[in-house]
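Quick note on my numbering: the sequence shown kicks off at 1 and runs consecutively.
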Amino acid sequence: MALNAVMLEEGTRHPVPLPNENFLYHCSGVKFELKSGDGYPGDAVALRSDSGTAFVSNHRVVFLPVETTDKTSTGTSSEGTLNSFTIPHTSLRDHRFAQPLFGANRFEALVLPVAGGNIAGPAKLTLSFKEGGGFDFATVARKMSERIQETGDAPHEEELPGYDNSTQAVSSERPEAGLPGYPDEAPPGYEQLDVRR
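Here's what the structure looks like:
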């Protein structure tokens, strides 16, 4: 996971895609919470944002708050500023989708740290979908994580094959009897349909 490491497209609040990355789903009106550490002062990190946009790509999950925030569980801190959050699918563990009787649907996961990600240890990620879209988000994230675990690589779109410019004559006539792969006569019990009605 990495805090404040997402590059944004100029003039927008959309992440710049990584090489071979395709964004598959995004959802607005998402509440973000990240808690790490064992609760002892100085050892814990707790970040939250009341509203933002969550993205799922074939490489990672990204959260961009509507406004940058410096809210932490211990007050205001320059180290607790949340401008963006990203986590590769390979660092998501034990993710689940919760649909409580009361309250917003939630995507929850254990996230493992990445080198240079600004968080030292594992953390619990919670994305609450206040305006809907949580089920689709969780489904896409789960499928991407499973696919990457199976193949060991992030899926990406392959280039379409090139067309051959040579023209081949296409005949709409029935092939002559005796050609390989074509029977010489109709199968037994075959009835000729009357096409004249």
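No residue lacks a Cβ here, since even glycine has one placed at the ideal position from N, Cα and C.
Pop quiz: residue i and residue j are said to be a contact at Cβ under 8 Å. What is the actual Cβ separation, rounded to whole angstroms?
| i | j | result |
| --- | --- | --- |
| residue 60 | residue 14 | Not confirmed; about 14 Å, so no contact. |
Leaving out five residues on either side along the sequence, give the residues of the same chain with a beta carbon under 7 Å from the beta carbon of residue i.
| i | result |
| --- | --- |
| residue 52 | 30, 32, 63, 64, 65 and 66 |
| residue 136 | 25 |
| residue 158 | Summary for residue 158: the model assigns pLDDT 49, below 50, so the residue's position carries little reliability; its value from the coordinates is reported in the next sentence. Result list for residue 158: empty, nothing under 7 Å. |
| residue 50 | 31 |
Please classify residue i as buried or exposed, where buried requires at least 16 neighbouring CB atoms within 10 angstroms.
| i | result |
| --- | --- |
| residue 127 | buried |
| residue 201 | This structure does not reach residue 201, given that the chain is present from 1 up to 197, and the question cannot be answered. |
| residue 11 | exposed |
| residue 102 | exposed |
| residue 115 | exposed |
Residues in the same chain with beta-carbon distance under 6 Å from residue i, minus the five sequence neighbours each way, listed in chain order, please.
| i | result |
| --- | --- |
| residue 198 | With the chain covering 1 to 197 only, the question about residue 198 has no answer from this structure. |
| residue 145 | 89 and 92 |
| residue 138 | 97 and 107 |
| residue 112 | 91 and 122 |
| residue 44 | 37 |
| residue 104 | 128, 129 and 130 |
Nearest to residue i by CA position, among the options, is which residue?
| i | options | result |
| --- | --- | --- |
| residue 2 | 132, 146, 185 and 117 | 117 |
| residue 18 | 27, 56 and 119 | 56 |
| residue 222 | 119, 28 and 44 | Lying before the first or after the last residue shown, residue 222 is absent from the chain, which here runs from 1 to 197. |
| residue 48 | 151, 114, 125 and 130 | 125 |
| residue 86 | 44, 119 and 142 | 119 |
| residue 129 | 150, 114 and 100 | 100 |
| residue 141 | 150, 105, 95 and 185 | 95 |
Ignore the nearest five residues each way along the sequence and tell me which others in residue i's own chain have a CB closer than 8 Å to its CB.
| i | result |
| --- | --- |
| residue 7 | 15 and 16 |
| residue 84 | 3, 4, 5, 6, 8, 15, 62, 63, 64 and 65 |
Item to check | alpha helix (DSSP H) segments (min. 4 residues) lying fully within the stretch 76-124 | outcome: none
Next on the checklist: Runs of 3 residues minimum, wholly inside the stretch 28-69: which ones carry the beta strand (DSSP E) assignment?
Outcome noted: 45-57 and 60-65
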